[in-house]
Amino acid sequence: MTTRRGVTILEVTVAGVLLVAMMTVCLEFLQAAAAQRRAIRQRQTAIQEAANVMERLSARPWEELSPQGVAGLELSQAARSLLPDGKLAVEVISPADEPGAKQIVVAVGWEDDSGGSAWPIRLTAWRYRP
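Numbered according to our numbering, the sequence shown spans residues 302 to 431.
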(Lines of atoms letter the chains of each structure in order from A; the text may use other names.)
(Lines give C-alpha, C1' and ligand atoms only; values in the text may rest on other atoms or scores of the structure.)
Protein backbone atom coordinates (compact mmCIF):
# COMPACT_ATOMS: atom_id res chain seq x y z
CA MET A 302 0.00 0.00 0.00
CA THR A 303 1.36 3.41 -1.00
CA THR A 304 0.78 6.61 0.94
CA ARG A 305 0.16 9.94 -0.74
CA ARG A 306 2.45 12.83 0.07
CA GLY A 307 1.04 15.73 -2.01
CA VAL A 308 -2.13 17.18 -3.46
CA THR A 309 -3.58 16.32 -6.77
CA ILE A 310 -4.24 18.80 -9.52
CA LEU A 311 -7.97 18.23 -9.01
CA GLU A 312 -7.78 19.29 -5.36
CA VAL A 313 -5.84 22.43 -6.27
CA THR A 314 -8.37 23.29 -8.99
CA VAL A 315 -11.34 22.84 -6.64
CA ALA A 316 -9.66 25.01 -4.00
CA GLY A 317 -8.94 27.69 -6.63
CA VAL A 318 -12.55 27.69 -7.86
CA LEU A 319 -13.84 28.00 -4.28
CA LEU A 320 -11.42 30.86 -3.60
CA VAL A 321 -12.53 32.74 -6.73
CA ALA A 322 -16.21 32.21 -5.84
CA MET A 323 -15.70 33.55 -2.32
CA MET A 324 -13.75 36.56 -3.60
CA THR A 325 -16.55 37.33 -6.07
CA VAL A 326 -19.17 37.19 -3.31
CA CYS A 327 -17.04 39.45 -1.07
CA LEU A 328 -16.52 42.01 -3.87
CA GLU A 329 -20.25 42.13 -4.63
CA PHE A 330 -20.97 42.64 -0.94
CA LEU A 331 -18.44 45.49 -0.75
CA GLN A 332 -19.94 47.13 -3.85
CA ALA A 333 -23.45 46.92 -2.36
CA ALA A 334 -22.21 48.37 0.94
CA ALA A 335 -20.48 51.24 -0.90
CA ALA A 336 -23.67 51.99 -2.86
CA GLN A 337 -25.72 52.07 0.35
CA ARG A 338 -23.16 54.31 2.03
CA ARG A 339 -23.27 56.69 -0.97
CA ALA A 340 -27.11 56.74 -0.90
CA ILE A 341 -27.12 57.50 2.84
CA ARG A 342 -24.61 60.31 2.36
CA GLN A 343 -26.70 61.81 -0.42
CA ARG A 344 -29.84 61.63 1.71
CA GLN A 345 -28.08 63.25 4.67
CA THR A 346 -26.76 66.00 2.40
CA ALA A 347 -30.26 66.64 1.02
CA ILE A 348 -31.76 66.78 4.53
CA GLN A 349 -29.09 69.23 5.68
CA GLU A 350 -29.52 71.37 2.58
CA ALA A 351 -33.32 71.52 3.00
CA ALA A 352 -32.93 72.40 6.68
CA ASN A 353 -30.44 75.17 5.88
CA VAL A 354 -32.70 76.69 3.23
CA MET A 355 -35.70 76.49 5.57
CA GLU A 356 -33.73 78.19 8.35
CA ARG A 357 -32.66 81.02 6.04
CA LEU A 358 -36.24 81.49 4.82
CA SER A 359 -37.62 81.50 8.35
CA ALA A 360 -35.21 84.28 9.28
CA ARG A 361 -36.32 86.53 6.40
CA PRO A 362 -38.65 89.45 7.01
CA TRP A 363 -42.34 88.73 6.48
CA GLU A 364 -42.58 90.92 3.37
CA GLU A 365 -39.76 89.03 1.58
CA LEU A 366 -41.57 85.70 1.93
CA SER A 367 -43.27 85.54 -1.44
CA PRO A 368 -42.98 83.32 -4.52
CA GLN A 369 -40.98 86.09 -6.23
CA GLY A 370 -38.73 86.56 -3.20
CA VAL A 371 -37.62 82.90 -3.16
CA ALA A 372 -37.35 82.41 -6.92
CA GLY A 373 -33.55 82.70 -7.11
CA LEU A 374 -32.63 80.14 -4.44
CA GLU A 375 -30.29 77.34 -5.51
CA LEU A 376 -28.50 74.38 -3.96
CA SER A 377 -25.14 75.08 -2.35
CA GLN A 378 -21.96 74.11 -4.16
CA ALA A 379 -21.36 71.22 -1.74
CA ALA A 380 -24.86 69.84 -2.31
CA ARG A 381 -24.51 70.17 -6.09
CA SER A 382 -21.29 68.16 -6.00
CA LEU A 383 -22.81 65.34 -3.89
CA LEU A 384 -26.31 65.20 -5.40
CA PRO A 385 -26.29 64.21 -9.07
CA ASP A 386 -28.76 66.35 -11.01
CA GLY A 387 -29.85 67.95 -7.71
CA LYS A 388 -32.83 70.28 -7.72
CA LEU A 389 -34.18 72.69 -5.12
CA ALA A 390 -37.85 73.68 -5.17
CA VAL A 391 -39.23 76.31 -2.80
CA GLU A 392 -42.89 77.29 -2.55
CA VAL A 393 -44.43 80.05 -0.48
CA ILE A 394 -48.18 79.63 -0.21
CA SER A 395 -50.54 82.21 1.32
CA PRO A 396 -53.75 80.36 2.19
CA ALA A 397 -56.91 82.37 1.58
CA ASP A 398 -58.52 81.14 4.78
CA GLU A 399 -55.56 82.35 6.92
CA PRO A 400 -54.42 85.80 5.74
CA GLY A 401 -51.79 86.16 8.47
CA ALA A 402 -50.00 82.91 7.64
CA LYS A 403 -47.66 81.63 4.97
CA GLN A 404 -46.74 78.04 4.29
CA ILE A 405 -43.14 77.44 3.20
CA VAL A 406 -42.32 74.17 1.42
CA VAL A 407 -38.70 73.24 0.62
CA ALA A 408 -38.01 70.15 -1.52
CA VAL A 409 -34.63 68.72 -2.56
CA GLY A 410 -34.50 66.04 -5.24
CA TRP A 411 -31.69 64.22 -7.06
CA GLU A 412 -30.92 61.18 -9.22
CA ASP A 413 -29.99 57.91 -7.58
CA ASP A 414 -27.30 55.50 -8.82
CA SER A 415 -29.72 53.73 -11.17
CA GLY A 416 -30.50 57.00 -12.97
CA GLY A 417 -34.01 57.31 -11.54
CA SER A 418 -35.29 59.93 -9.17
CA ALA A 419 -34.54 59.33 -5.50
CA TRP A 420 -37.28 59.97 -2.96
CA PRO A 421 -37.18 63.75 -2.46
CA ILE A 422 -36.73 65.44 0.89
CA ARG A 423 -39.60 67.80 1.76
CA LEU A 424 -39.83 70.17 4.69
CA THR A 425 -42.88 72.28 5.46
CA ALA A 426 -43.09 75.18 7.89
CA TRP A 427 -45.71 77.80 8.73
CA ARG A 428 -44.80 81.41 9.33
CA TYR A 429 -47.23 83.83 10.93
CA ARG A 430 -47.34 87.60 10.68
CA PRO A 431 -45.58 89.17 13.66
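The beta carbon of each residue, even a glycine, is placed where N, CA and C say it ideally should be.
Keep in mind the model is a prediction, meaning the values are calculated, not measured.
Alpha-carbon to alpha-carbon, residue j and residue i
i	j	result
residue 334	residue 414	13 Å
residue 386	residue 316	46 Å
residue 403	residue 342	32 Å
residue 406	residue 393	7 Å
residue 370	residue 357	12 Å
8 Å contact criterion, which residue i and residue j should meet: CB distance rounded
i	j	result
residue 384	residue 374	Contact flag wrong, Cβ pair sits at about 15 Å.
residue 355	residue 426	6 Å
residue 380	residue 412	About 13 Å; that fails the 8 Å criterion.
Per DSSP, the bridge partner or partners of residue i
i	result
residue 418	412
residue 428	403
residue 423	408
Where residue i falls: helix, strand or coil (DSSP)
i	result
residue 390	strand
residue 321	helix
TODO: May I have a chain-ordered list of the alpha helix (DSSP H) segments no shorter than 4 residues that lie completely inside the stretch 358-386?
DONE: As for any alpha helix (DSSP H) of minimum length 4 sitting wholly inside the stretch 358-386, the runs are 378-383, ordered along the chain.
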